[in-house]
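The structure appears right after this line, and notes come after that.
There are 2 protein chains.
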Amino acid sequence: MKAIVNVYLKQGVLDPQGKATHHALNSLGFDGIKDIRIGKQIIIELDGLSKEDAMKKVTQMSETLLANTVIEDYTIEIA
Amino acid sequence: MKAIVNVYLKQGVLDPQGKATHHALNSLGFDGIKDIRIGKQIIIELDGLSKEDAMKKVTQMSETLLANTVIEDYTIEIA
Chain A
909 MKAIVNVYLK QGVLDPQGKA THHALNSLGF DGIKDIRIGK QIIIELDGLS KEDAMKKVTQ
969 MSETLLANTV IEDYTIEIA
Chain B
909 MKAIVNVYLK QGVLDPQGKA THHALNSLGF DGIKDIRIGK QIIIELDGLS KEDAMKKVTQ
969 MSETLLANTV IEDYTIEIA
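Chains as they are written, first to last, in our numbering: chain A, 909 to 987; chain B, 909 to 987.
This is how it looks when you write it as structure tokens:
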């Protein structure tokens with residue numbers, strides 16, 4: 909079972925990496941970009957669990973370690 | 909228009925960030941994890957472009973700046 913956790917900064921939290929990328933793309937001649945935000949994508953391969961149990965486990969992992977919930981949000985997809 | 913670029917290390921390229929996360933989760937008591945890989949998710953807000961043009965532009969951005977195609981693969985979703 910494969911779980912994908914996307915972790916990104918909450919709306920309103922400054923994203924310097926995104927800002928730098930935005931600036932770099934502009935310098936390279938790419939225009940028409942309104943905003944760029946950069947997050948992490950964590951792909952976890954889990955051993956034999958039901959979809960529900962996997963969701964529960966990965967939510968726990970996200971709360972404990974993968975995301976800093978003070979400044980970050982996360983979404984989980986189980987595939 | 910919103911484009912999502914997922915950039916991740918090619919299969920076979922060592923992912924130390926993933927390994928460290930795997931180890932940390934094990935230390936916290938999460939078992940049954942086979943593998944963890946960590947990539948970047950880049951969310952780009954683009955000004956009025958057709959879906960096709962957006963795809964073309966974001967592919968160019970990925971090849972030029974967002975991904976290091978020697979060691980990284982990327983996927984693009986236009987939403």
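Ideal placement from N, C-alpha and C gives every residue a C-beta, glycine not left out.
**OP:** Please state if the CB of Ile946(B) and the CB of Gln925(B) are separated by a distance shorter than 8 Å.
**Re:** Start at 1 with the first residue of the second sequence, and residue 925(B) comes out as number 17. Start at 1 with the first residue of the second sequence, and residue 946(B) comes out as number 38. Their beta carbons are under 8 Å apart, which means Gln925(B) touches Ile946(B) by this criterion.
Original post:
Are there three or more Cβ pairs, one per stretch, closer than 8 Å when the region 914-921 of chain B is compared with the region 971-986 of chain B?
Top reply: In this structure the region 914-921 of chain B lies against the region 971-986 of chain B, because at least three pairs of beta carbons, one per stretch, are closer than 8 Å.
Original post:
Per DSSP, Ser913(B) is paired with what?
Top reply: Reading the second sequence from its first residue, position 5 is the one you call residue 913(B). Per the sequence presented here, residue 913(B) reads as Val, with Ser not at that position. Residue pairing of Val913(B) in beta bridges, as defined by DSSP: Ile950(B) and Ile984(B).
Original post:
So which residues on chain A does Asp943(B) lean against when the C-beta distance must stay under 7 Å?
Top reply: For the purposes of this step, residue 943(B) is taken as the residue at position 35 of the second sequence. The answer, in chain order, is Glu953.
Original post:
Quick one: which chain A residues come within Cβ less than 9 Å of Tyr916(B)?
Top reply: One-based indexing of the second sequence puts residue 916(B) at position 8. Within chain A, the C-beta atoms nearer than 9 Å to that of Tyr916(B) come from Gln949 and Ile951, in chain order.
Original post:
What three-state label does DSSP hand Lys918(B) in the structure shown?
Top reply: Mapped onto the second sequence, residue 918(B) falls at position 10. Annotated three-state conformation of Lys918(B) is coil, per DSSP.
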